[in-house]
Each structure stands twice: as C-alpha cells, then as structure tokens.
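Participant: Under the working numbering, the first residue of the sequence shown is numbered -7, with each subsequent residue one higher. No residue lacks a Cβ here, since even glycine has one placed at the ideal position from N, Cα and C. Can you keep this structure in mind? I'll have questions shortly.
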Amino acid sequence: MAALVLLRAGLMRPRGAQMALLGRTLLRRPAALAAVADRSVPARQSHSPPQQGHGSSKAASLHWTGERAVSVLLLGLLPAAYLYPGPAVDYSLAAALTLHGHWGLGQVITDYVHGDIPIKLANTGLYVLSAVTFAGLCYFNYYDVGICKAVAMLWSL
-7 MAALVLLRAG LMRPRGAQMA LLGRTLLRRP AALAAVADRS VPARQSHSPP QQGHGSSKAA
53 SLHWTGERAV SVLLLGLLPA AYLYPGPAVD YSLAAALTLH GHWGLGQVIT DYVHGDIPIK
113 LANTGLYVLS AVTFAGLCYF NYYDVGICKA VAMLWSL
C-alpha cells in the first residue's frame, strides 16, 4: 500500500518489465500475478453460471431495474398503508412483498446453491414458497382484517 502511494505521488519509480497503467500512474504488477496472467485462461464475466432466460445484458438490466422499482414502491407503500389502509393497499403490499422476497431469495440461491439438480430443486421450492406466500396473503386480505389493519392491531398491543 505504501508503495502504491509513493508510485502515485511520483516519488518512486517502478522496477521490472511488468507494468500496468492506472489513471496516469504506472504500477508494477507482482511477479506471481504476472505469471498467472500470462496463462491464456478465459476470464469469467460473473461469479454465477449463465442462467436460462437471462441471455442478454438487456434482460438482466431490465430485471435489475424492476427490482429497484419494487423496492422504491415498497418504500412508498409503507406510509400509504399507515395513512390510507384499505384493500387496494393490502393487495399491493401482498404482491410487492412477495415479489421482493422472491427475487431476494432467488439471489441467495444463485450465490449459495451449486450443481444442476440442487439448483433446480431450490428454484422449484422458491416458486412454491412464493406462490403459497402470495396466496396466503391474499387469503388473509380477503377473509380476515388485511395486512394494514393487522399491523395496526399489532402496534396497539
């Protein structure tokens, strides 16, 4: 780290033939990394294997945008649930919470489940869990007091 500071300040000149340009400053690549980099091993683009259905970067970008939109929607639904409780907000919360949880757990599966069969089983379980969660929240909204009133009742305890 100290060498990097000295190199960037121009107080020290790098030694050796392996150089890299960072900003406007030349940096020396360590010999161990230079030896590894010289092998022609193709670099992976991400830490996860390519998934079916996400073949293009445009689809991944739209998925990421959708995740951010649902997160922002949830931020707006929380005060709306407090100020204007009702069926529309209850069902919107049911859909947004289920979708947010589904995408979040999907990322956990992508990061921590490896192998073809375990991934298929985990994704199937995730779809079943998400469907049961959404159905249960809709059932609760239709036949009981709803999400907004239930939270209000919990707060009044």
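Which residue marks the beginning of the alpha helix (DSSP H) containing S122, and which one marks its end?
Facilitator: Per DSSP, S122 belongs to the alpha helix (DSSP H) from 108 to 135.
Participant: Name the two residues that bound the continuous alpha helix (DSSP H) containing Y74.
Facilitator: Segment 49 to 75, the alpha helix (DSSP H) holding Y74.
Participant: Can you give me the start and stop residues for the alpha helix (DSSP H) that G96 sits inside?
Facilitator: Segment 79 to 104, the alpha helix (DSSP H) holding G96.
Participant: Taking Cβ to Cβ, would you say A88 is nearer than 8 Å to V124?
Facilitator: No.
Participant: Give the straight-line distance between the Cα atoms of D82 and V64, rounded to the nearest whole angstrom.
Facilitator: So the alpha carbons of these two residues sit roughly 17 Å apart.
Participant: Rounded to whole angstroms, what is the Cα-Cα separation between S122 and L149?
Facilitator: If you take the alpha carbons of S122 and L149, they lie about 29 Å apart.
Participant: Three-state secondary structure (DSSP) at L149?
Facilitator: In this structure, L149 counts as coil in the three-state DSSP scheme.
Participant: Between the alpha carbons of L75 and V143, how many angstroms are there, rounded?
Facilitator: Each residue's Cα considered, the two are about 13 Å apart.
Participant: Quick one: using the 10 Å Cβ neighbour count with 16 as the cut-off for buried, is T160 buried or exposed?
Facilitator: No answer is possible for residue 160: it lies beyond the span of the chain, which begins at -7 and ends at 149.
Participant: Among W147, L129, M145, whose alpha-carbon lies nearest the alpha-carbon of A86?
Facilitator: Among W147, L129, M145, the Cα nearest to that of A86 belongs to L129.
Participant: So, under 8 Å CB-CB, I101 and A114 are touching, yes? Tell me the CB distance rounded to an integer number of Å.
Facilitator: About 5 Å; that satisfies the 8 Å criterion.
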